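Visitor: Numbering (this note's numbering), first residue to last: 4 to 80.
In this text, a Cβ means the ideal position worked out from N, Cα and C, and glycines have one as well.
On a predicted model such as this, the values are computed, not experimentally measured, just so you know.
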């Protein structure tokens, strides 16, 4: 079973980058805000994911993402 979901919106990252306004602080705020703003959007996907893990309790389950920090980190937490 494959479950896909996105964490946050990185469009503001590109806006800051192209406008020359990407700083350590603006980068930090973009990450913090993207997690906070995606909560409602990811609930259905995380619910399906957790149900799949529980339903598959007698077998092994593997989950991953391309970088292993956002989706995987939130799922592991």
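Could you have a look at residue 60 and say whether DSSP puts it in helix, strand or coil?
Guide: Coil.
Visitor: Leaving out the 5 sequence neighbours to the left and right, which residues in its chain are closer than 7 Å to residue 16 when beta-carbon positions are compared?
Guide: 33
Visitor: From 62, 42, 63, 58, pick the residue whose C-alpha is nearest to that of residue 74; which is it?
Guide: Among 62, 42, 63, 58, the Cα nearest to that of residue 74 belongs to 42.
Visitor: Do the CB positions of residue 78 and residue 66 come within less than 9 Å of each other?
Guide: Yes, the Cβ-Cβ distance between residue 78 and residue 66 is below 9 Å.
Visitor: Distance, Cα to Cα, residue 45 vs residue 38?
Guide: 10 Å
Visitor: In three-state terms, what does DSSP make of residue 43?
Guide: helix
Visitor: Would you identify the three-state DSSP class for residue 65, choosing helix, strand or coil?
Guide: coil
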